[in-house]
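Trainee: Residues in the sequence shown are numbered consecutively from 151, following the numbering used here.
Glycine included, C-beta positions come from ideal geometry on N, C-alpha and C.
The structure follows.
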Amino acid sequence: MIKRSVSQDSGLLVLEDEILTGDRVLKEIDRVLLKFGCAGEETIVSCGEDSANPHGKTYGPLYSNQPIVIDIFPQHKKTRYFGDMTRTVIKGKASAELLRMYDAVKGAQEIGVQTAKPGVTCKEVHNAVCDYLEKAGYLTYRGGSKIGFIHTTGHGVGLDIHETPSVSENDHILEPGNVITIEPGLYYPGIGGIRIEDTIVITKDGCRNLNRMEKKFEI
Numbered sequence: 151m152i153k154r155s156v157s158q159d160s161g162l163l164v165l166e167d168e169i170l171t172g173d174r175v176l177k178e179i180d181r182v183l184l185k186f187g188c189a190g191e192e193t194i195v196s197c198g199e200d201s202a203n204p205h206g207k208t209y210g211p212l213y214s215n216q217p218i219v220i221d222i223f224p225q226h227k228k229t230r231y232f233g234d235m236t237r238t239v240i241k242g243k244a245s246a247e248l249l250r251m252y253d254a255v256k257g258a259q260e261i262g263v264q265t266a267k268p269g270v271t272c273k274e275v276h277n278a279v280c281d282y283l284e285k286a287g288y289l290t291y292r293g294g295s296k297i298g299f300i301h302t303t304g305h306g307v308g309l310d311i312h313e314t315p316s317v318s319e320n321d322h323i324l325e326p327g328n329v330i331t332i333e334p335g336l337y338y339p340g341i342g343g344i345r346i347e348d349t350i351v352i353t354k355d356g357c358r359n360l361n362r363m364e365k366k367f368e369i
């Protein structure tokens, strides 16, 4: 829907002669999830200034050239297991600062996934992500910052959307079968937010990414 929309002079996105809102995108997400036997709960579709809040509002119009964070965490109706995925997109052109933020988050997420393996602690994964973002010039949760990377690197996923282990500064040792998210983000009021999230399962010799959706910023 976002990709098919067009931008008005005001920046508002329009699809099929109607303003494209977070609510419209949410309804389409719910429709597709139902086809696969899943139900969405509190899906996030936040745009612009709202995206600077990790749990930004889902209603309201969407705009071109501004980050749109889409966080989907459906539950399968039969098995009751959850999944979790976040992508950030822009319809149009991103500013130089947003491009730099996106590249930093994408790189940090890749480092987090690469670090997650049996015998590694959650702290080691979290610190690898924080190290990457700090070297890129951003503030992190590790230092108690209220802007930049302001939450944990991830969490367990199963019959609840948030389970142990927390991928943060704790000494839980990852082992085969653990299912966790890796979801670094950067959030700056006046600029917006970027978050990329995948759900992975720890295997005997590393991990396997359960999400297959591409990571493309400008669409």
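Please list the terminal residues of the continuous beta strand (DSSP E) segment that includes E313.
Mentor: First-last of the beta strand (DSSP E) with E313: E313 to V317.
Trainee: For the segment 259 to 271 against the segment 217 to 225, do three or more pairs of beta-carbon atoms, one drawn from each stretch, fall closer than 8 Å, so that the two count as touching?
Mentor: No, they do not touch.
Trainee: Provide the residue(s) that pair with T331 in DSSP beta bridges, ordered along the chain.
Mentor: Per DSSP, T349.
Trainee: Taking 7 Å as the threshold (C-beta atoms), are K267 and T321 in contact?
Mentor: What sits at residue 321 in the sequence shown is Asp, not Thr. Going by C-beta atoms, D321 is not nearer than 7 Å to K267.
Trainee: Quick check for students: name the residue ranges of the beta strand (DSSP E) that lie wholly in the segment 227 to 286, counting only runs of 3 or more.
Mentor: Counting only runs of 3 or more, we get 235 to 239.
Trainee: Quick one: Cα of E178 to Cα of G190, how far?
Mentor: Roughly 11 Å separates the two Cα atoms.
Trainee: Decide yes or no for the touch test of the segment 244 to 258 against the segment 325 to 337: beta carbon pairs closer than 8 Å, at least 3 of them.
Mentor: Taking 8 Å as the limit for Cβ pairs, the verdict is that the segment 325 to 337 does touch the segment 244 to 258.
Trainee: Please list the terminal residues of the continuous alpha helix (DSSP H) segment that includes L293.
Mentor: Checking the sequence, you will find Gly at residue 293 rather than Leu. Note, G293: premise wrong, no alpha helix (DSSP H); not H, not E.
Trainee: Assign G342 to one of three DSSP states: helix, strand, or coil.
Mentor: Note: G342 maps to strand in three-state DSSP.
Trainee: Would you mind reading off the limits of the beta strand (DSSP E) that contains D221?
Mentor: Per DSSP, D221 belongs to the beta strand (DSSP E) from I218 to I222.
Trainee: Applying the criterion that 16 or more other CB atoms from any shown protein chain within 10 Å of the CB defines a buried residue, is E347 buried or exposed?
Mentor: Under this definition E347 is a buried residue.
Trainee: Is it true that the CB of S295 sits closer than 7 Å to the CB of S214?
Mentor: No, the pair does not count as a contact, with Cβ atoms beyond the cut-off.
Trainee: Excluding the 5 residues preceding and the 5 following E247 in the sequence, name in chain order all residues of the same chain whose CB lies nearer than 7 Å to its CB.
Mentor: Excluding positions up to five away in sequence, the list reads I341.
Trainee: Closest by CA to H205, which one among I344, V182, L324 and K227?
Mentor: H205 has its Cα closest to that of I344, out of I344, V182, L324 and K227.
Trainee: Since N328 and M235 should fall inside the 8 Å C-beta cutoff, what is the C-beta to C-beta distance between them, to a whole number of angstroms?
Mentor: That pair is no contact at about 18 Å.
Trainee: When the Cα atoms are used, what is the spatial distance from Y231 to D159?
Mentor: Each residue's Cα considered, the two are about 43 Å apart.
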